Amino acid sequence: MKRFWGFVIKEFKHIFRDYRTMIILFGMPVAQILIFGFVITNDIKDAEIAVLDHSKDQTTHEIVNKLTASGYFILKDNLESEKEIEPTFQSGKIKQVIIFGNDFGKKLVSEGSADIQIIADASDPNTANLLVNYTSAIIRDYTMSLNAEKTMNATIVPEVRMLFNQSLDGAYMFIPGIIALILILVSAMMTSITIAREKEMGTMEVLLISPLRPTHIIMGKVAPYIVIAFINAITVIFMGFFVFKVPLEGSLALLLIESLLYIFMSLSLGIFISTKSNSQQVAMFISMFALMLPTVLLSGFIFPIENMPGWLQAITYIMPPRYFIDIVKNILLKGTGLAFVWKETLAILGFTVLFIALSVKNFKIRLE
Amino acid sequence: MKPVIAENISKHFKSTAALQHISFEVDKAEIFGLIGPDGAGKTTLFRILNTLLIPTEGTASVLGQDTIRDYKYIRHHVGYMPGRFSLYEDLSVEENLNFYATIFQTSIEENYSLIEKIYKQIEAFKDRKAGNLSGGMKQKLALSCALIHKPKLLFLDEPTTGVDAVSRKEFWSMLKDLKQHGITILVSTPYMDEAEQCDRVALMQSGHIMDIDKPAGIVSKFNHRLFAVYPENIYEALQLLKTSPITHTAQIFGQSIHWVPKENFSEAEILNFMHSNNLNYKVDSPNIEDCFMEMM
Amino acid sequence: MATQEKIIHVRDLVKKFGNFTANDHLNFDVYKGDIYGFLGANGAGKTTAIKILCGLSYPTSGTVEVAGLNIYKERENIKKDIGYMSQKFSLYEQLTVQENIRFYGGIYGLKKKELNEAGNHMIETLQLQNERHKIVGDLPLGWKQKLAFSIAIMHNPCIVFLDEPTGGVDPKTRRQFWELIYQAADRGITVFVTTHYMDEAEYCQRLSIMVDGRIEALGKPEDLKNEHAAGSMEEVFIKLARKQKETS
Numbered sequence: 001m002k003r004f005w006g007f008v009i010k011e012f013k014h015i016f017r018d019y020r021t022m023i024i025l026f027g028m029p030v031a032q033i034l035i036f037g038f039v040i041t042n043d044i045k046d047a048e049i050a051v052l053d054h055s056k057d058q059t060t061h062e063i064v065n066k067l068t069a070s071g072y073f074i075l076k077d078n079l080e081s082e083k084e085i086e087p088t089f090q091s092g093k094i095k096q097v098i099i100f101g102n103d104f105g106k107k108l109v110s111e112g113s114a115d116i117q118i119i120a121d122a123s124d125p126n127t128a129n130l131l132v133n134y135t136s137a138i139i140r141d142y143t144m145s146l147n148a149e150k151t152m153n154a155t156i157v158p159e160v161r162m163l164f165n166q167s168l169d170g171a172y173m174f175i176p177g178i179i180a181l182i183l184i185l186v187s188a189m190m191t192s193i194t195i196a197r198e199k200e201m202g203t204m205e206v207l208l209i210s211p212l213r214p215t216h217i218i219m220g221k222v223a224p225y226i227v228i229a230f231i232n233a234i235t236v237i238f239m240g241f242f243v244f245k246v247p248l249e250g251s252l253a254l255l256l257i258e259s260l261l262y263i264f265m266s267l268s269l270g271i272f273i274s275t276k277s278n279s280q281q282v283a284m285f286i287s288m289f290a291l292m293l294p295t296v297l298l299s300g301f302i303f304p305i306e307n308m309p310g311w312l313q314a315i316t317y318i319m320p321p322r323y324f325i326d327i328v329k330n331i332l333l334k335g336t337g338l339a340f341v342w343k344e345t346l347a348i349l350g351f352t353v354l355f356i357a358l359s360v361k362n363f364k365i366r367l368e
Numbered sequence: 001m002k003p004v005i006a007e008n009i010s011k012h013f014k015s016t017a018a019l020q021h022i023s024f025e026v027d028k029a030e031i032f033g034l035i036g037p038d039g040a041g042k043t044t045l046f047r048i049l050n051t052l053l054i055p056t057e058g059t060a061s062v063l064g065q066d067t068i069r070d071y072k073y074i075r076h077h078v079g080y081m082p083g084r085f086s087l088y089e090d091l092s093v094e095e096n097l098n099f100y101a102t103i104f105q106t107s108i109e110e111n112y113s114l115i116e117k118i119y120k121q122i123e124a125f126k127d128r129k130a131g132n133l134s135g136g137m138k139q140k141l142a143l144s145c146a147l148i149h150k151p152k153l154l155f156l157d158e159p160t161t162g163v164d165a166v167s168r169k170e171f172w173s174m175l176k177d178l179k180q181h182g183i184t185i186l187v188s189t190p191y192m193d194e195a196e197q198c199d200r201v202a203l204m205q206s207g208h209i210m211d212i213d214k215p216a217g218i219v220s221k222f223n224h225r226l227f228a229v230y231p232e233n234i235y236e237a238l239q240l241l242k243t244s245p246i247t248h249t250a251q252i253f254g255q256s257i258h259w260v261p262k263e264n265f266s267e268a269e270i271l272n273f274m275h276s277n278n279l280n281y282k283v284d285s286p287n288i289e290d291c292f293m294e295m296m
Numbered sequence: 001m002a003t004q005e006k007i008i009h010v011r012d013l014v015k016k017f018g019n020f021t022a023n024d025h026l027n028f029d030v031y032k033g034d035i036y037g038f039l040g041a042n043g044a045g046k047t048t049a050i051k052i053l054c055g056l057s058y059p060t061s062g063t064v065e066v067a068g069l070n071i072y073k074e075r076e077n078i079k080k081d082i083g084y085m086s087q088k089f090s091l092y093e094q095l096t097v098q099e100n101i102r103f104y105g106g107i108y109g110l111k112k113k114e115l116n117e118a119g120n121h122m123i124e125t126l127q128l129q130n131e132r133h134k135i136v137g138d139l140p141l142g143w144k145q146k147l148a149f150s151i152a153i154m155h156n157p158c159i160v161f162l163d164e165p166t167g168g169v170d171p172k173t174r175r176q177f178w179e180l181i182y183q184a185a186d187r188g189i190t191v192f193v194t195t196h197y198m199d200e201a202e203y204c205q206r207l208s209i210m211v212d213g214r215i216e217a218l219g220k221p222e223d224l225k226n227e228h229a230a231g232s233m234e235e236v237f238i239k240l241a242r243k244q245k246e247t248s
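The listed protein sequences correspond, in order, to chains V, L and A. With the numbering used here as the guide, the letters of the first sequence map in order to residues 1 to 368. With the numbering used here as the guide, the letters of the second sequence map in order to residues 1 to 296. With the numbering used here as the guide, the letters of the third sequence map in order to residues 1 to 248.
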């Protein structure tokens, strides 16, 4: 045991003495969450919209006036038919089209509800999401004022369609994504690099020719990163909560346990990568291509999986971050418990077992 | 029981043969040198003996144990200094030594007597990071680390490469000290002149051992006459000697040419040849380098 | 062979990094056709001095002329007139022998005809006819070394700088390599060898030994050995380094 702790202490010294590692380990999470956070919370001003009004009655006029008076929107165009919607978007300037159904005002009075459709250009999903939220809020506002005036119980239910990006999941999407990205980078990339460094420097040879067992070497290498990755997870969750007001609907304990499991999975992946790379450079490249890109591109972090072609969707099933992002979204935003995420949890557990098995199979007690 | 016995060891990496039919034995408390250029197979041979590689063919026993079956025992009882200094550059001198002591479940105090002479020379810098040490100091630290668990056998893979002449000299005298402690030392080097520092040497070239003997024994086997020629213009004289029918070999050696005439020419013929070409020369004794080349 | 024409002329060369003096008033001349050894332990200041001579950095003070050119004013011209080879070689391992020759010939602005002639001549003298289209990475160390040297002098530079050129090769290859160096010197190319291997030093015609930023000895190997009553350059070096240790 003394040997093992001697090893862990040495690893901590490596980490704390290299200021570049320290910056990556502790600065990256904060920097990423701030960058993503502020990119997404851009404010909207003077967004150009078009209206397709099949009713052209007083109610629809009032709603349009309310929208333009808000300062967020400028009415650029009045459309005559559905056919014009597509070309309007393609011209590029119009960000949103609002469609009022037939006899909007009448229906609202007679049936207590009326149809309104909001179509947004979600090729820029964040802007689209904000525009839709603002529009919905203004319409809700108007409905409430109607109810107050005429003491009637009318509701307008906007039907929202996100063009080009039908399943925008919400602006908080980036928090689960960042947790997934940071944990996998810290755990997998850093461990694989640090093991590869021992090989590159020739120190691994001496470690092998010593009474240290392979488990000592591997556990000694990963132990510090369990601690650091866990601190990172907590940092990101708390920054999301306090700085960006991400709700924490579900159990914090469950979230932390799931994070820990994901950290273990990433560490075992890191060890596996290190068994396949003999230099820090190789470890770095494998980590970048095997971890960073898939996590960003194929996990649903930025691009929704549902919009990918079928074969690409199939590939996402072998991306561990995909499952973790689902879990975090469920716990953070929907407040669901283990009963709803056990499948994903099991998937991550499966990956952990797989990577450990591969690492054990590949770890060499000799040089070949 | 001899500390190292290698029997008919061969090692292939894919299609290239790194070692071919190597057999040798090392006696207890002997400084045994593997002398040969880069690519001769020295490092591969070391790695087979210290259990890091498995030979394609042949067997080896180290400290009386089989290198494949009993690798754990061997790993506990040998010290190893790889070609590149196996130090953690971001740890201080003392931290490096402490770390290696810990993984061998010992402490600096316990074995201080063995490393004292060596470590004393760098102890003044014990808080300095290993990366900021000079080549000679790194070498002393690496040797201290390799000795911290009192190994019975020491593997030193090119310990003097990249180290200045003064440190090299000091290093060899340290090894002689360790020998007095009964430690067997296997050392490799590309420098022919270091052969003289060993008790016995194996001359290696392209995966073969060409000869094993005491340094003096190797030199005594050189069965040609060797002359050192001191010409005005070395290059011109070299061309002349190379094309002469008398010449067996002619090579630049420092400021002279080491010239070996063919056996069937008499002293008088040689004298005559030298005079007619206006060359100064004297009989010289061959060194290990000359012997090495004659065997290649 | 050496003449009296100065190829390198250094007077009072000082290079400081902050408070640290890497080169402390260096004075030496290298003559045309000389094989000049620039010796010193690691950290003695050799690399700093070579960078200045090759036009890669400026001295803090002092006069430095290389190939008759002032290093303050004519750095770019100096670069055209020097060759350089380090122990790690500058050959592209993934290119063939022929491709490496073409590439470097192109860099030094050799015309196509010159390049073909020089390339063929080089391959012939090195006896690489069968290896012409082989990947350089697959050649033995000694061959790479000879090829790297030949490429470094392909453009007939005034002077070639060799940085620890023969570490780790077998004695036969090393002696053949020095034969190439002597051949180049015979052609009038000045050879400037830096090394901390004292056995390499024995091959130089004149040399200087640097200790802690200063040149502590300069002259022919024979003279230096006599002066210090030493049997080899290694002993001379050890004596100088010890002396330095005692006084500092």
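Quick reminder that beta carbons are idealized off the backbone N, C-alpha and C, glycines included. Predicted model only: the values in this text are computed from it and were never measured.
Enclosing alpha helix (DSSP H) for residue 61 of chain V [first to last residue]: Taking the first sequence and counting its residues from 1, one reaches residue 61 of chain V at position 61. Counting along the chain, the alpha helix (DSSP H) containing residue 61 of chain V begins and ends at 58-69.
DSSP three-state assignment for residue 248 of chain L, whether helix, strand or coil: Numbered from its first residue, the second sequence carries residue 248 of chain L at position 248. Here residue 248 of chain L sits in strand by DSSP.
Proximal residues of chain L, C-beta to C-beta of residue 165 of chain A below 9 Å: In the third sequence, residue 165 of chain A corresponds to position 165, counting from 1. Those within 9 Å of residue 165 of chain A in chain L number zero; the least Cβ separation is about 14 Å.
Closer than 7 Å at the beta carbon, the chain V residues around residue 47 of chain L: The sequence position of residue 47 of chain L within the second sequence is 47, counting from 1. Result: 367.
Distance between beta carbons of residue 83 of chain L and residue 193 of chain L, contact taken as under 8 Å: Here residue 193 of chain L is taken as the residue at index 193 of the second sequence, counted from 1. Here residue 83 of chain L is taken as the residue at index 83 of the second sequence, counted from 1. Their Cβ separation, rounded to whole angstroms, is 19 Å, which puts residue 193 of chain L and residue 83 of chain L out of contact at 8 Å.
For residue 86 of chain A and residue 199 of chain A, believed in contact at Cβ under 8 Å, the rounded distance: Counting from 1 along the third sequence, the entry for residue 199 of chain A is found at position 199. Counting from 1 along the third sequence, the entry for residue 86 of chain A is found at position 86. Not confirmed; about 19 Å, so no contact.
Residues bridged to residue 155 of chain L [DSSP beta-bridge criterion]: Reading the second sequence from its first residue, position 155 is the one you call residue 155 of chain L. Note: residue 155 of chain L sits in a beta bridge opposite L:80 and L:186.
Which residues DSSP lists as bridging residue 16 of chain A, in chain order: Within the third sequence, the letter at position 16 stands for residue 16 of chain A. Partner(s): A:21.
Close Cβ partners of residue 34 of chain L (< 6 Å) along its chain, the five nearest in sequence each way excluded: Position 34 of the second sequence, counted from the first residue, corresponds to residue 34 of chain L. Here the set comprises 42, 188, 202 and 204.
Simplified DSSP assignment, three categories, for residue 218 of chain A: Indexing the third sequence from 1 puts residue 218 of chain A at position 218. Three-state result, residue 218 of chain A: strand.
Contacts that residue 289 of chain L makes with chain A (C-beta to C-beta distance below 7 Å): What you label residue 289 of chain L is simply residue 289 of the second sequence in a count that begins at 1. In chain order: 171.
Same chain only: Cβ atoms within 6 Å of residue 222 of chain V, ignoring 5 sequence neighbours per side: Start at 1 with the first residue of the first sequence, and residue 222 of chain V comes out as number 222. The beta carbon of residue 222 of chain V lies closer than 6 Å to those of 191 and 267 in the same chain, with the five residues before and after it left out.
Backbone secondary structure at residue 163 of chain V - three-state DSSP: For this step, residue 163 of chain V is matched to residue 163 along the first sequence. Because the pLDDT of residue 163 of chain V is 45, which lies under 50, any placement of that residue in the model is unreliable, and the number read from its coordinates should be weighed accordingly. Strand at residue 163 of chain V.
Residue-chain proximity (residue 206 of chain V, chain B), Cβ-Cβ < 8 Å: Among the protein chains in the structure shown, which are V, L and A, there is no chain B.
CA-to-CA distance, residue 13 of chain A to residue 24 of chain A, given in whole angstroms: For the purposes of this step, residue 24 of chain A is taken as the residue at position 24 of the third sequence. For the purposes of this step, residue 13 of chain A is taken as the residue at position 13 of the third sequence. Using only the alpha carbons, I get a separation of about 7 Å.
Interface residues of the region 157-169 of chain L facing chain A [CB-CB below 9 Å]: 158, 161, 162, 163, 164, 165, 166, 167, 168 and 169
Beta-carbon proximity list for residue 301 of chain L, same chain, < 7 Å, skipping 5 on both sides: Residue 301 of chain L lies beyond the range of chain L shown here (1 to 296); nothing can be said about it.
Residue 221 of chain A burial status per 10 Å Cβ neighbour count (16 or more: buried): The sequence position of residue 221 of chain A within the third sequence is 221, counting from 1. Burial of residue 221 of chain A is indicated by the presence of at least 16 other C-beta atoms within 10 angstroms of its C-beta.
For residue 146 of chain V, the residue or residues it bridges with in DSSP: For the purposes of this step, residue 146 of chain V is taken as residue 146 along the first sequence, with counting starting at 1. Looking at the DSSP assignment, residue 146 of chain V forms no beta bridge with any residue, so it has no partner.
CB contact check: residue 111 of chain L to chain V, cutoff 8 Å: For the purposes of this step, residue 111 of chain L is taken as residue 111 along the second sequence, with counting starting at 1. Output row for residue 111 of chain L: interface = no.
Burial state of residue 166 of chain L, where buried means 16 or more other Cβ atoms lie within 10 Å: Sequence index remark: in the second sequence, residue 166 of chain L carries index 166 (1-based). Around the beta carbon of residue 166 of chain L, 16 or more other beta carbons sit within 10 angstroms, so the residue counts as buried.
Per-residue burial, residue 96 of chain V [other beta carbons within 10 Å of its own, 16 or more giving buried]: As a working mapping, residue 96 of chain V is identified with position 96 in the first sequence. Residue 96 of chain V should be labelled buried.
Contact set between residue 38 of chain L and chain A, taken where Cβ atoms lie within less than 9 Å: Within the second sequence, the letter at position 38 stands for residue 38 of chain L. 141, 167, 168, 169 and 170, listed in chain order.
Runs of alpha helix (DSSP H) lying entirely within the region 163-240 of chain V, each at least 4 residues, in chain order: 174-184, 190-201 and 203-208
Residue(s) in a DSSP beta bridge with residue 5 of chain V: In the first sequence, counting from the first residue as 1, residue 5 of chain V sits at position 5. In DSSP, residue 5 of chain V forms no bridge with anything.
Residue 246 of chain V classed as buried or exposed, judged by whether at least 16 other C-beta atoms fall within 10 angstroms: Here residue 246 of chain V is taken as the residue at index 246 of the first sequence, counted from 1. Flag for residue 246 of chain V reads buried.
The region 50-64 of chain L / the region 212-228 of chain V touching (three or more Cβ pairs under 8 Å): The region 212-228 of chain V and the region 50-64 of chain L do not touch, with fewer than three beta-carbon pairs separated by less than 8 Å.
Three-state secondary structure (DSSP) of residue 133 of chain A: Here the question's residue 133 of chain A lines up with position 133 in the third sequence. Reduced to three states, the DSSP call for residue 133 of chain A is coil.
Segment limits, alpha helix (DSSP H) that includes residue 261 of chain L: The residue given as residue 261 of chain L occupies position 261 in the second sequence. Looking at the DSSP string, residue 261 of chain L is not in any alpha helix (DSSP H); the run it does join, the beta strand (DSSP E), is 256-261.
Residue interval of the beta strand (DSSP E) (run including residue 38 of chain A): Within the third sequence, numbered from 1, the residue matching residue 38 of chain A stands at position 38. Counting along the chain, the beta strand (DSSP E) containing residue 38 of chain A begins and ends at 35-40.
Contact residues within the region 224-238 of chain A, judged by C-beta distance below 8 Å to chain L: 234, 237 and 238
Same chain, Cβ closer than 7 Å to residue 77 of chain V, neighbours up to 5 away in sequence not counted: Walking along the first sequence from the start, residue 77 of chain V turns up at place 77. Hits under 7 Å: 50, 88 and 94.
Residue 288 of chain L versus residue 168 of chain L - alpha carbon distance: Taking the second sequence and counting its residues from 1, one reaches residue 288 of chain L at position 288. Taking the second sequence and counting its residues from 1, one reaches residue 168 of chain L at position 168. Roughly 18 Å between the two C-alpha positions.
Any chain L beta carbon closer than 8 Å to residue 212 of chain V: Numbered from its first residue, the first sequence carries residue 212 of chain V at position 212. Output row for residue 212 of chain V: interface = yes.
Residues that residue 243 of chain V bridges to, as DSSP identifies them: Reading the first sequence from its first residue, position 243 is the one you call residue 243 of chain V. Bridge partners of residue 243 of chain V according to DSSP: none are assigned.
Amino acids of chain L, ordered along the chain, whose beta-carbon sits closer than 8 Å to that of residue 31 of chain A: Counting from 1 along the third sequence, the entry for residue 31 of chain A is found at position 31. Residues of chain L passing the Cβ test: none, with the nearest at roughly 15 Å.
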